[in-house]
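So the sequence lines, in the order shown, correspond to chains D and H. Position 27 of the first sequence, counted from 1, bears residue number 26 in numbering that gives the first Met the number 0, the numbering being contiguous throughout. Position 78 of the second sequence, counted from 1, bears residue number 77 in numbering that gives the first Met the number 0, the numbering being contiguous throughout. Cβ coordinates follow ideal geometry from the N, Cα and C atoms, glycine included. Treat the numbers as computed from the prediction; the structure is a model and nothing was measured. Let me begin by presenting the structure, written as structure tokens, before commenting on it.
2 protein chains.
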Amino acid sequence: MAYSKREEFTPEEIWIADVAKAISHPARVAILKILSEQNVCMCGDIVELLPLSQSTVSQHLKELKRVGLIKGEIDGPKVCYCIDNEIFNKAKQAVDELFSRVCNC
Amino acid sequence: MAYSKREEFTPEEIWIADVAKAISHPARVAILKILSEQNVCMCGDIVELLPLSQSTVSQHLKELKRVGLIKGEIDGPKVCYCIDNEIFNKAKQAVDELFSRVCNC
DNA sequence: ATGTTCTATCGTATATTTACGATATACAAT
DNA sequence: ATTGTATATCGTAAATATACGATAGAACAT
């Protein structure tokens, strides 16, 4: 009962799936939108804008950081989050490529 | 301990998250690629191309059908799957819109 | 030194996802 | 009628995700 066949797919398929998983929760979509509007943003500000506890928001931020879509820089006691444009752009291109390839339009 | 705060986000955020969840597994990315190459495809063909059992592939197809990215038409004892171009295009646009909004490039 | 503020992590409960084999169903062919 | 083929669904086990409160750690202010 070998578990998780994830590794039996191509690196490209795994990478796209990872990016998609990162944005597969409305809270994380909302976080990306907030960061794009504010450019740079404290974790606490995000918590205030979402109907979730601080620890839950922190977990969502961690998930976005895991694939590299965002990064956090420590600023005294606070942490400033922002989009990691380089990786985000790579993710955008990979997803674009899949969508364009699949779509007949 | 109210569970799942999903419904407290905007319909757009939920829709994007749903689409992303549908493509958040490498097997489903692979299925979309197969369907795009073959245009129309029997379920059994997909099973042969993936390192997964028939029942597992069937579940993945169901997940893609759930959000509408693909549709299956019954053809005798077989089922022919194909991309649902209308919904797929809507999904593409929604994801594009998010990516473009967030990305500084 | 002490307290305050901000964030991450731990512990935990519940829900969902992923995977499979077995079974049921639906149609075609014999 | 029976057999074979194709697919979906059921039952189930293990893994992951989602959510929270409590706690820990780090930096600043007093």
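Could you check what DSSP says for residue i in three-state terms: helix, strand or coil?
i: D/Lys4; result: coil
i: D/Val39; result: coil
i: H/Ser99; result: helix
i: D/Ala22; result: Note on identity: in this sequence residue 22 of chain D is Ile, with Ala being the wrong assignment. If DSSP states are grouped into helix, strand and coil, D/Ile22 belongs with coil.
What is the C-beta distance between residue i and residue j, in whole angstroms, given that I count them as a contact (C-beta under 8 Å)?
i: D/Ala19; j: H/Ile22; result: 4 Å
i: D/Ala29; j: H/Glu12; result: 5 Å
i: D/Gly67; j: D/Ile86; result: 4 Å
i: H/Leu31; j: D/Val94; result: 11 Å between Cβ atoms; not a contact.
i: H/Cys79; j: H/Val56; result: That pair is no contact at about 15 Å.
i: D/Asn103; j: H/Asn103; result: Contact doesn't hold; Cβ gap of about 31 Å is too wide.
Hey, which unbroken runs of the beta strand (DSSP E) at 3 residues or more fall wholly within the segment 41-88 of chain H? Correct list: 69-74 and 77-82.
Does the segment 62-74 of chain H come into contact with the segment 84-91 of chain D, if we say contact requires no fewer than three beta-carbon pairs (one atom in each stretch) closer than 8 Å? Because the criterion of three Cβ pairs below 8 Å is not met, the segment 62-74 of chain H and the segment 84-91 of chain D do not touch.
Cβ contact (3+ pairs, closer than 8 Å) linking the segment 41-50 of chain H and the segment 50-64 of chain D: Output reads no: the segment 50-64 of chain D does not touch the segment 41-50 of chain H.
Cβ pair count under 8 Å reaching 3, the segment 1-13 of chain H against the segment 30-40 of chain H: Contact between the segment 1-13 of chain H and the segment 30-40 of chain H is absent, because fewer than three Cβ pairs lie under 8 Å.
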